[in-house]
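Trainee:
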Amino acid sequence: MLDQILCIDDDPITLMLCKKVIIKSSFSNEIITAQNGEEALSYFNTIRYVKNKPNQQPQLIFLDLNMPVMGGWEFLDHFNSPEFSEFNTIKVVVLSSTIDPEDLEKAKQYPMVIDFLSKPITHSMLEYLKNKIE
């Protein structure tokens, strides 16, 4: 079981479903949510300065691509930059409703992206990921 994961999605129903499936599957102890990439980057900027909680960062991020304010690709561009290099061990799973082959290829260009899966998140998907990240 992971200690903490971050779900980044602008749809509150998707976030609620994500939380329910993750809790029911005992996949993570804590689920943090952000409604867009900008909110997620702010979260990382905040935990960067919390010195009394070492290793209090997500081990996995579920990332939607199409969001207002800052979408998934923009988030990945920022998150992959030297500014966020201290978080480069965090794995990212793109969770999108798109199955565009170009998106699949583009995702492979980011070293932290370990998979590209279709929404919605399912128990079997989490089992598959559990085996992949252990």
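If you read the sequence shown in UniProt numbering, its first letter stands for residue 1, the second for the next number, and so on. Glycine residues also receive a C-beta, built at the ideal position from the N, C-alpha and C atoms.
Let me know the secondary structure DSSP gives ILE22 once reduced to three states.
Mentor: For the purposes of this step, residue 22 is taken as residue 22 along the sequence shown, with counting starting at 1. In the structure shown, ILE22 sits in a helix (DSSP, three-state: H, G or I).
Trainee: For MET16 and THR33, what's the separation of their Cα atoms in angstroms?
Mentor: Here the question's residue 16 lines up with position 16 in the sequence shown. Here the question's residue 33 lines up with position 33 in the sequence shown. Roughly 10 Å separates the two Cα atoms.
Trainee: Does the segment 15–31 come close enough to the segment 115–122 to have 3 or more Cβ pairs within less than 8 Å?
Mentor: Yes, the segment 15–31 touches the segment 115–122.
Trainee: Pick out the complete alpha helix (DSSP H) segments inside the UniProt domain "Response regulatory" (4–134), 4 residues or longer, and give them in chain order.
Mentor: Listed in chain order, they are 12–24, 37–47, 72–79, 101–107, 123–133.
Trainee: When you compare only the Cα positions, how much space is there between ILE22 and LEU126?
Mentor: As a first step, residue 22 must be located in the sequence shown, where it is residue number 22. As a first step, residue 126 must be located in the sequence shown, where it is residue number 126. If I take the Cα positions, the gap works out to 8 Å.
Trainee: Go through its chain and collect everything with a Cβ distance to TYR43's Cβ below 8 Å, but skip five positions before and after it.
Mentor: In the sequence shown, the residue the question calls residue 43 occupies position 43. Once the five neighbours on either side are set aside, the close Cβ partners of TYR43 are LEU6, ILE32, ALA34.
Trainee: Taking Cβ positions, are LYS130 and ASP115 nearer each other than 8 Å?
Mentor: Position 130 of the sequence shown, counting from 1, holds the residue named residue 130. Position 115 of the sequence shown, counting from 1, holds the residue named residue 115. Cβ distance not < 8 Å, so LYS130 and ASP115 don't count as in contact.
Trainee: Measuring alpha carbon to alpha carbon, tell me which of ASP10, ASP11, GLU134, THR46 ends up nearest PHE87.
Mentor: Working through the sequence shown from its first residue, we reach residue 87 at position 87. Comparing Cα-Cα distances from PHE87 to each of ASP10, ASP11, GLU134, THR46, the minimum goes to THR46.
Trainee: Taking 6 Å as the limit between beta carbons, can you name the residues of its chain near ASP3, skipping five residues before and five after?
Mentor: As a first step, residue 3 must be located in the sequence shown, where it is residue number 3. Counting only Cβ-Cβ distances below 6 Å, and skipping sequence neighbours, we find ASN29.
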